[in-house]
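Residue numbering for the sequence shown follows the working numbering, beginning at 725 and increasing consecutively.
Right, one structure below, let's go through it.
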Amino acid sequence: MTIDSISNFASGFITLIVGLFAFTVYSKSKFDYKKDSANIVLLEIQSAERQIKKIKEALTKNSSDLPDIHILQDESWTKFGYLFLSDFKRDEWDTITSFYNTCKMYDQCVEYNNSFFQKNEQEIRINRQKVITEYVRDYAEKIEKVSKSEEKDKLIKERDKKINAFIDDYMNVNTTNLKVPYSPKKPVTDGNTYMSSVDSNISLMSVGTKLEKIASSKFLSLF
725 MTIDSISNFA
735 SGFITLIVGL
745 FAFTVYSKSK
755 FDYKKDSANI
765 VLLEIQSAER
775 QIKKIKEALT
785 KNSSDLPDIH
795 ILQDESWTKF
805 GYLFLSDFKR
815 DEWDTITSFY
825 NTCKMYDQCV
835 EYNNSFFQKN
845 EQEIRINRQK
855 VITEYVRDYA
865 EKIEKVSKSE
875 EKDKLIKERD
885 KKINAFIDDY
895 MNVNTTNLKV
905 PYSPKKPVTD
915 GNTYMSSVDS
925 NISLMSVGTK
935 LEKIASSKFL
945 SLF
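Here is the structure:
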């Protein structure tokens, strides 16, 4: 064997070793990413299940309104789902997808319902301020017509008393039925429907078992 052939063999062998090392690093990085993604999705589902149980308890006590509780803080299935195409059967894949879609639809109902609540609060504040302004304007004219400071003080106290009494009565009446003027039934009805159809235990089903297995796998740990 000549020196050149030895050199070529050594060069090729080194290239092979470097290629294998690069492939191993790439494979491990890809595997770790899948493990982390499985853990994120699993934790997200478990957190959503806890929120669903809270919502169902609240709706059992009062189904005529949606509690201000969101199910999903983040939605990772759309981002990471493709990583598990070979891990789940079609029905398992559909179970996770349906779970996330139902949770997102419920959260939209809460957002929609809350938007009417906020509009109504704003309307109450506007109406309250209009009446207070009228009181102030009315008493300003009366105060201008008197010259004695005692009479002015008396009118000011009378004005303030009426304003405070109005605020108390107005807020008590309107906060009791805060959503009546601006709250349609559709988001509440739809929200109840989504809660009755969503499964709050999919982490205990085969999909949860598989996600947990992927997240805790030690495969490739020696590389």
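Where is the CB? At the ideal position from N, CA and C, for every residue including glycine.
Exercise. If you draw a straight line from the C-alpha of SER771 to the C-alpha of THR784, how long is it?
Worked result: 20 Å
Exercise. Ends of the alpha helix (DSSP H) at VAL931?
Worked result: 930-939
Problem set entry | Close-in-space but distant-in-sequence residues of the same chain around GLU868 (CB under 7 Å, 5 per side omitted) | none
Exercise. Going by C-alpha distance, which of ILE793, ARG814, LYS909 and CYS827 is nearest SER930?
Worked result: ARG814
Exercise. Which residues bound the alpha helix (DSSP H) around ASN925?
Worked result: That residue, ASN925, is in no alpha helix (DSSP H); it is neither H nor E in DSSP.
Exercise. Quick one: Cα of LYS829 to Cα of LEU928, how far?
Worked result: Going by the sequence as given, residue 829 is Met instead of Lys. In a straight line, the C-alpha of MET829 is about 23 Å away from that of LEU928.
Problem set entry | Residue interval of the alpha helix (DSSP H) (run including PHE804) | 801-804
Exercise. Any idea what DSSP makes of PHE808, helix, strand or coil?
Worked result: helix
For this session: Using only alpha-carbon positions, find the residue among PHE812, LEU767, LYS780 and ASP792 that is nearest to GLU799.
Result: LEU767
Exercise. Which residues in the same chain as SER788 place their Cβ atom closer than 8 Å to its Cβ, once the five residues preceding and following it in sequence are excluded?
Worked result: VAL912
For this session: Have a look at ILE795, ASP811 and GLN775 and flag the residue whose alpha-carbon is nearest the alpha-carbon of ALA762.
Result: ASP811
For this session: Pick helix, strand or coil for SER873, following the three-state DSSP scheme.
Result: helix
Exercise. Considering only residues of the same chain and omitting the five flanking positions on each side of ILE776, which have a CB-CB separation below 8 Å?
Worked result: ILE795, CYS827, MET919, VAL922 and SER924
Exercise. For the putative contact between ILE764 and PHE823, defined by C-beta atoms under 8 Å, what is the C-beta separation to the nearest angstrom?
Worked result: Contact flag wrong, Cβ pair sits at about 15 Å.
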